[in-house]
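Participant: This is the structure I want to talk about, given as structure tokens.
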Amino acid sequence: MFDILRSIILGFIEGITEWLPVSSTGHIKLAGAFLEFENVSPGFTDMFDYVVQLGAILAVVVMYFNKLWPFVSKEKGFIKRKSLMIWSKVAVAMLPAAVAGLLLDDPIEQLLGEGRREATVISATLIIYGILFIIIEAINKNRKSKIISVKAMTYKDAILIGLFQVLSIIPGTSRSGATILGAMILGVSRTVAAEFSFFLAVPVIFGASLLKIAKFLLENGFAFSGLEFVILAAGMIIAFVVSILTIKFLMGYIKKKSFAVFGYYRIALGLLVLLFFWVLK
Numbered sequence: 001m002f003d004i005l006r007s008i009i010l011g012f013i014e015g016i017t018e019w020l021p022v023s024s025t026g027h028i029k030l031a032g033a034f035l036e037f038e039n040v041s042p043g044f045t046d047m048f049d050y051v052v053q054l055g056a057i058l059a060v061v062v063m064y065f066n067k068l069w070p071f072v073s074k075e076k077g078f079i080k081r082k083s084l085m086i087w088s089k090v091a092v093a094m095l096p097a098a099v100a101g102l103l104l105d106d107p108i109e110q111l112l113g114e115g116r117r118e119a120t121v122i123s124a125t126l127i128i129y130g131i132l133f134i135i136i137e138a139i140n141k142n143r144k145s146k147i148i149s150v151k152a153m154t155y156k157d158a159i160l161i162g163l164f165q166v167l168s169i170i171p172g173t174s175r176s177g178a179t180i181l182g183a184m185i186l187g188v189s190r191t192v193a194a195e196f197s198f199f200l201a202v203p204v205i206f207g208a209s210l211l212k213i214a215k216f217l218l219e220n221g222f223a224f225s226g227l228e229f230v231i232l233a234a235g236m237i238i239a240f241v242v243s244i245l246t247i248k249f250l251m252g253y254i255k256k257k258s259f260a261v262f263g264y265y266r267i268a269l270g271l272l273v274l275l276f277f278w279v280l281k
């Protein structure tokens, strides 16, 4: 029962932090220090942290289905050009992260290890990017955004945003945080930066989750227990529902206010992570 409760809590955390630029990794690691699965296979916890993201990704697919689904009836020409344009820019933007992920994911994971070393890196990236959000918002306060739609983005803009996303390989950076920050530096409006971050997350997180599942199955076979299936399902469903609410909140919030508040939150969380792993633990 405790394992299912942990799954629900982590699904809730994932649903909120995946879309806000506050680092889902930092929150999951902090929560994981208090909550650990007990009756699961070796390696299951690491896989769960990635697979639960599939629930969050499904929320984007459902909410933006009309924008993202490229196929229409024969009478309308089979393909929606606007959707095809979005996916082509997403494909260009995801290339740097896909290549970097394949080459650097395991080496970085081994280099950082666990415990205090990893916590220090997470704390540092939380604080650094929090400061950057505050600075960029201050600079952009009296500037008008140059790019106010995905259509207005060039392929050069897309690949530059993709290069910013590569930074999220370092724990604590935040995938959405890196892409949104990069887009805003390029002159993209807050709402378009957030939306493009959502679209970009679909193939990137889906691919990363599949790799983790494949790795788990290769090491452990297909011997999932009934409890493990329930744990995965519970986490994904909660992440899906909470993600829908979070995305709606974020898109409404940034139409009137800036990302600066998330910068201050990142700094506070970074200091909390540092305090917990170096002083209290």
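The end of the sequence shown is residue 281 by my numbering, with every number in the run present. Each residue gets a CB set at the ideal place from its N, CA and C atoms; glycine is no exception.
1) Could you give the distance in angstroms between the alpha-carbon of Ala-31 and the alpha-carbon of Leu-160?
2) Is Ile-135 buried or exposed, if buried means 16 or more other CB atoms sit within 10 Å of its CB?
3) What distance in whole Å lies between the Cβ atoms of Gly-162 and Gly-270, which are believed to be in contact at a cut-off of 8 Å?
4) In whole angstroms, give me the CA-to-CA distance for Val-273 and Arg-266.
5) According to DSSP, is Val-22 helix, strand or coil?
6) DSSP has Phe-71 in a bridge; who is on the other side?
7) Output the distance between the C-alpha atoms of Leu-10 and Tyr-155, rounded to the nearest integer angstrom.
8) DSSP beta-bridge partners for Val-188?
9) Tell whether a beta-carbon distance below 8 Å holds between Gly-55 and Ile-237.
10) Taking C-beta to C-beta, are Ala-59 and Gly-207 nearer than 8 Å?
11) Pull up the distance between the alpha-carbon of Met-251 and that of Ile-128, whole angstroms please.
12) Can you find the residues in the same chain that come closer than 6 Å, C-beta to C-beta, to Thr-125, ignoring five residues on each side of it along the sequence?
13) Does Val-219 come out as helix, strand or coil in the three-state DSSP assignment?
14) According to DSSP, simplified to helix, strand and coil, what is Val-230?
15) For Val-62, I'd like the list of residues in its chain whose CB is within less than 6 Å of its CB, leaving aside the five on either flank, ordered along the chain.
16) The alpha helix (DSSP H) that contains Lys-156, what's its start and end?
17) Could you please give the first and the last residue of the uninterrupted alpha helix (DSSP H) stretch that includes Glu-137?
18) If you run the structure through DSSP and keep just helix, strand and coil, what is Leu-104?
Facilitator: In short, the structure shows the following:
1) Position 31 of the sequence shown, counted from the start, is the residue given in the question as residue 31. Position 160 of the sequence shown, counted from the start, is the residue given in the question as residue 160. Between Ala-31 and Leu-160, the C-alpha separation is close to 33 Å.
2) Against the sequence shown, residue 135 aligns to sequence position 135. With fewer than 16 Cβ atoms within 10 Å of its Cβ, Ile-135 is classed as exposed.
3) For the purposes of this step, residue 270 is taken as the residue at position 270 of the sequence shown. For the purposes of this step, residue 162 is taken as the residue at position 162 of the sequence shown. Not a contact, Cβ separation roughly 25 Å.
4) For the purposes of this step, residue 273 is identified with residue 273 of the sequence shown, where counting begins at 1. For the purposes of this step, residue 266 is identified with residue 266 of the sequence shown, where counting begins at 1. Approximately 10 Å between the Cα atoms of the pair.
5) Numbered from 1 along the sequence shown, position 22 holds the residue referred to as residue 22. In the structure shown, Val-22 sits in coil (DSSP, three-state: anything other than H, G, I, E or B).
6) Position 71 of the sequence shown, counted from the first residue, corresponds to residue 71. In DSSP, Phe-71 forms a bridge with Ile-79.
7) Translated into positions along the sequence shown, residue 10 becomes position 10. Translated into positions along the sequence shown, residue 155 becomes position 155. Taking the straight line from one Cα to the other gives about 36 Å.
8) By 1-based counting over the sequence shown, the position of residue 188 is 188. DSSP, once it has assigned bridges, lists Ile-147 as partnering Val-188.
9) On the sequence shown, position 55 is the one that residue 55 refers to. On the sequence shown, position 237 is the one that residue 237 refers to. A contact, by the Cβ cut-off of 8 Å.
10) Along the sequence shown, one-based indexing puts residue 59 at 59. Along the sequence shown, one-based indexing puts residue 207 at 207. Cβ atoms of Ala-59 and Gly-207: not closer than 8 Å.
11) Along the sequence shown, read from residue 1 onward, the residue named residue 251 stands at position 251. Along the sequence shown, read from residue 1 onward, the residue named residue 128 stands at position 128. Approximately 24 Å between the Cα atoms of the pair.
12) On the sequence shown, position 125 is the one that residue 125 refers to. Cβ within range, chain order: Ile-170, Gly-172 and Thr-173.
13) Locating residue 219 in the sequence shown gives position 219, counting from the first residue. For clarity, residue 219 is Glu in the given sequence; the question names Val instead. It is helical.
14) Indexing the sequence shown from 1 puts residue 230 at position 230. Three-state result, Val-230: helix.
15) Locating residue 62 in the sequence shown gives position 62, counting from the first residue. Nothing meets the Cβ criterion.
16) If you number the sequence shown from 1, residue 156 lands on position 156. 155 to 166 is the extent of the alpha helix (DSSP H) around Lys-156.
17) Start at 1 with the first residue of the sequence shown, and residue 137 comes out as number 137. Where Glu-137 is concerned, the enclosing alpha helix (DSSP H) stretches over 116 to 140.
18) Working through the sequence shown from its first residue, we reach residue 104 at position 104. Reduced to three states, the DSSP call for Leu-104 is helix.
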